[in-house]
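This report refers to the structure that appears directly beneath it.
Residue numbers (this note's numbering), protein chains in the order written: chain A, 9 to 477; chain B, 9 to 477.
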């Protein structure tokens, strides 16, 4: 019965997508005019409808909604191949792209809000070791695979592909453990802690690689010392932003708590997020690094004076905003996948090996578990899903330019590579639930939940709710 | 004590604005680069902070927050005059302008959500007559004043200025009655009903005038029959959208109610709003007309299956989104005021007479009251405040182009006229609370509230809450 309904949603979705293409095509023939182009309104409406229908269909099949949004975008984009020129303006519209990017900034802000510094320091050495191994192994594997399959691209391009393999999707991981009813296990605690550290390490690698690419594109050659400088700048930004935020934020929001107009909490929190995102961009980091730091620093504890007045908590206030903005990003990412690259067999080969590297790389994580009596296989399998962050990295790579062998500027992540990364994200996410469930069913290491685990589980619940939207 | 704190906020605001200018100036010297320009993030953050600080200061002086946002933008813009080139990119950035316009679309959607068809039909003949008189008198007065003060502009420009004088701000009106404790009176009922009808009539006039301007800019001359056609198209759109929505929406949302992923209600409602806004633009109307129609058609009653699952109601879900987006529009409007026009005495004269016309025009409303025992003066005074809608019209006028006497394309609302309209909006809004309070204190026409009045009062409360954010 449930499956039948899902099919109904898929059919409805197909019809909706067809209708969307028809209207978009009609709209594309209008003139531009001044002010907000109407195509933006149509595009946002179509993206939202596609995201919710496809997301719903995927959730009915117990798959994360984010995959539905991504594949919904791919389906929408595939209409462009059948000769509908109307999709093209949506793919390239600057305002839609900017809104999508603001969506990712809000998403990383939310992820930061759900993590907090204390928790990150508490999860212990196992998580840290699992995270470091889980970042290094896929990074070098991905680099190697890229160097083998696309030798013509610049070395920095290979390194960038390695970076897209680093980050485990904390949302999807939490969702898998929750669906398996295993959120109370030590395995879940280690994996979730590692996934958070993972994000930070991934963002650091991204900062260093992107910084190096920008420096090289600007014409200079780069010494090892410069790479060190970029790394130092990135770490410095995170440390300074976190420390400054840690000491300043309570004062600012205590002052703001005396302001009586509604919406002050949300507006100031988002302004803080945008300011750090801008500051990150200013020192050469990705804006999402700043947004994540902003979320990490903010804590519901700072907003007590707001809660006492009956304001909803920040998480609740940000939720509707991210409900609207985040799917725009994932549908757009799907839309940007150029399906034509998949008729080239070497790309299929590249995508397959890249996916295998992504899966194999995370199995090294099992070595990082220091404690005994742990289902090590489950740790490695739990770290498999790449999600938002891998896609976000690929999206950033598509906007970074690097001169190729002939000196012509090319995007670091070209159409073919982008398609391969999307396949990697989709497959790793689809494959995790069944294999992890199988591994957990064989495991017998369940322990009673203690206080700390309960806290972790709550974080995981929130994370999985986020991904479920 | 309260005043002292307000001064603190104003000082804080001044310092904040200065700091903002410094950082914006620093940012403006960066390169553009790909992807989302960092200046957009900085601009949005600065706009939000300015809006909340200035809005808070104004609320402490019992003035609507929207005035604070507007004047905050003007203060920010005044820094540009003192030689800070850094403000200019914020004023002209396309992405910020698009986000601001989406903010207005969301605002009109909210206003539509707060009104509903049934209520609009129930408020009776007095409200209708008050509304029609309150639209016609200021329209022709404004047209005449514009023709006298700026005779060089095209006649359509004069007519457009008349249109900006039409719409009473339903939010500000409701707020004034509420603050005076007079929401239970028949006067309040008539004024609030008229303010809603007012909005619709104003949007119709805007549609006809803007349509005529577009047709003329396209090169054709316009016969009276064509004007009639545009009017028919506008009314036709509203009727078709409303009827279609009325019959289709319950089915669509009943179907959507079976979808289980979170955020479906908000995403589909906003998508519906964007679709109607796009459709309005397609038939040549302003997108806000479509957004208003979308809000009018949607009704909490359609979402019962969502509420049963514990989803918050649509009004609550849209609130955080509008908290973030709507102030962006008003700060940007303030920023666009070119203070230099005010050193020209003829502009000051124009603004003064335009403001007087706006106030005098609405006093004609008193003639529209059919019932006896009503404080007619209070009706006329209650209709005075122009707010969002007047500004929105002026903003649209600034993007419409019309050939002048020499055949060069000029915006219908130039810098000087825009400044005069902003002065009109600010003064009419500032002047209403004291004079209306005085008139109500003299009145003795209070009656017991009946069922219907209570419903109206609730709408008014919601409207004033909206404006209070």
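Beta carbons: idealized from backbone N, C-alpha and C, even for Gly. Keep in mind it's a predicted model, so treat the numbers as computed, not measured.
Cβ shell of residue i (< 7 Å), same chain only, five flanking positions each side left out
{"i": "residue 62 of chain B", "result": "21, 76, 77, 79, 80"}
{"i": "residue 443 of chain A", "result": "389"}
{"i": "residue 375 of chain A", "result": "141"}
{"i": "residue 284 of chain B", "result": "249, 298, 299, 301, 302"}
{"i": "residue 386 of chain B", "result": "195, 444, 447, 448, 451"}
{"i": "residue 293 of chain B", "result": "215, 242, 245"}
Contacts that residue i makes with chain A (C-beta to C-beta distance below 8 Å)
{"i": "residue 170 of chain B", "result": "In chain order: nothing, as chain A lies at least about 21 Å away."}
{"i": "residue 295 of chain B", "result": "44, 46, 49"}
{"i": "residue 289 of chain B", "result": "46, 49"}
Neighbour list for residue i in chain B, Cβ cutoff strictly below 8 Å
{"i": "residue 72 of chain A", "result": "The premise fails here: residue 72 of chain A is roughly 10 Å from chain B at the closest Cβ pair, so nothing lies under 8 Å."}
{"i": "residue 56 of chain A", "result": "275, 276, 278, 279, 282"}
{"i": "residue 77 of chain A", "result": "Within 8 Å Cβ-Cβ: nothing; residue 77 of chain A doesn't reach chain B, min ~10 Å."}
{"i": "residue 102 of chain A", "result": "102, 103"}
{"i": "residue 316 of chain A", "result": "Under the 8 Å cutoff, chain B gives no residues; its nearest Cβ is about 18 Å from residue 316 of chain A."}
Residue i burial status per 10 Å Cβ neighbour count (16 or more: buried)
{"i": "residue 163 of chain A", "result": "exposed"}
{"i": "residue 359 of chain A", "result": "buried"}
{"i": "residue 69 of chain B", "result": "exposed"}
{"i": "residue 401 of chain B", "result": "buried"}
{"i": "residue 411 of chain B", "result": "exposed"}
{"i": "residue 210 of chain A", "result": "buried"}
{"i": "residue 371 of chain B", "result": "buried"}
{"i": "residue 101 of chain A", "result": "buried"}
{"i": "residue 159 of chain A", "result": "exposed"}
{"i": "residue 242 of chain A", "result": "buried"}
{"i": "residue 446 of chain B", "result": "exposed"}
{"i": "residue 39 of chain B", "result": "Confidence at residue 39 of chain B is low in this model, with a pLDDT of 34, below 50, so the placement of that residue should be treated as unreliable; the coordinate-derived value is given next. Exposed, since its Cβ has fewer than 16 Cβ neighbours within 10 Å."}
{"i": "residue 458 of chain B", "result": "With a pLDDT of only 45 at residue 458 of chain B, under the threshold of 50, the placement of this residue in the model should not be trusted; the figure read from the coordinates follows. Exposed: under 16 other Cβ atoms inside 10 Å."}
{"i": "residue 42 of chain B", "result": "Bear in mind that a pLDDT of 41 at residue 42 of chain B, under 50, signals an unreliable position, so the model cannot answer this."}
{"i": "residue 295 of chain B", "result": "buried"}
{"i": "residue 71 of chain B", "result": "buried"}
{"i": "residue 244 of chain B", "result": "exposed"}
{"i": "residue 166 of chain B", "result": "buried"}
{"i": "residue 240 of chain B", "result": "exposed"}
{"i": "residue 403 of chain A", "result": "buried"}
{"i": "residue 380 of chain B", "result": "exposed"}
Host beta strand (DSSP E) of residue i (start-end)
{"i": "residue 409 of chain B", "result": "409-411"}
Residues near residue i in its chain [Cβ-Cβ closer than 6 Å; skip 5 each side]
{"i": "residue 454 of chain B", "result": "Because the pLDDT at residue 454 of chain B is just 45, under 50, the model does not fix this residue reliably, and the value given afterwards should be weighed accordingly. Excluding positions up to five away in sequence, the list reads 193."}
{"i": "residue 337 of chain B", "result": "108, 111, 112"}
{"i": "residue 30 of chain A", "result": "Note that residue 30 of chain A scores 49 on pLDDT, short of 50, meaning its location in the model is unreliable and no value can be drawn from it."}
{"i": "residue 361 of chain A", "result": "153"}
Within chain A, the residues that residue i reaches when beta carbons sit closer than 7 Å
{"i": "residue 52 of chain B", "result": "282"}
Listed by chain order, chain B residues near residue i by CB distance under 9 Å
{"i": "residue 200 of chain A", "result": "Those within 9 Å of residue 200 of chain A in chain B number zero; the least Cβ separation is about 21 Å."}
{"i": "residue 60 of chain A", "result": "264, 267, 269, 271, 272, 275, 276, 279"}
{"i": "residue 325 of chain A", "result": "327, 328, 331"}
Cβ-based neighbour list, residue i, same chain, cut-off 8 Å, excluding 5 preceding and 5 following
{"i": "residue 311 of chain A", "result": "261, 265, 273, 319, 321, 322"}
{"i": "residue 36 of chain A", "result": "A caution first: residue 36 of chain A carries a pLDDT of 41, below 50, which makes its placement in the model unreliable, though a value can still be read off. Excluding sequence neighbours, residue 36 of chain A sits near 47, 93, 94, 96, 97."}
{"i": "residue 114 of chain A", "result": "278, 281, 299, 326, 329, 330, 333, 334"}
{"i": "residue 263 of chain B", "result": "none"}
{"i": "residue 89 of chain A", "result": "347, 348"}
{"i": "residue 56 of chain A", "result": "332, 335, 336"}
{"i": "residue 354 of chain B", "result": "157"}
Opening and closing residue of the alpha helix (DSSP H) in which residue i lies
{"i": "residue 109 of chain B", "result": "102-122"}
{"i": "residue 67 of chain B", "result": "46-68"}
{"i": "residue 222 of chain B", "result": "194-225"}
{"i": "residue 480 of chain B", "result": "With chain B represented from 9 up to 477, any question about residue 480 of chain B goes unanswered, as that position is not in the structure."}
{"i": "residue 384 of chain B", "result": "384-390"}
{"i": "residue 355 of chain A", "result": "353-371"}
Proximal residues of chain C, C-beta to C-beta of residue i below 7 Å
{"i": "residue 285 of chain B", "result": "You won't find chain C in this structure, because its protein chains are A and B."}
Interface residues of chain A facing residue i [CB-CB closer than 9 Å]
{"i": "residue 354 of chain B", "result": "Here the premise fails: no neighbours, minimum Cβ distance about 28 Å."}
Per-residue contacts from residue i into chain B (C-beta, under 7 Å)
{"i": "residue 418 of chain A", "result": "Within 7 Å Cβ-Cβ: nothing; residue 418 of chain A doesn't reach chain B, min ~13 Å."}
{"i": "residue 106 of chain A", "result": "44, 48, 103"}
> If you scan the region 399-439 of chain B from start to end, which runs of the beta strand (DSSP E) of 3 or more residues do you find wholly inside it?
Replying inline: 409-411, 417-419
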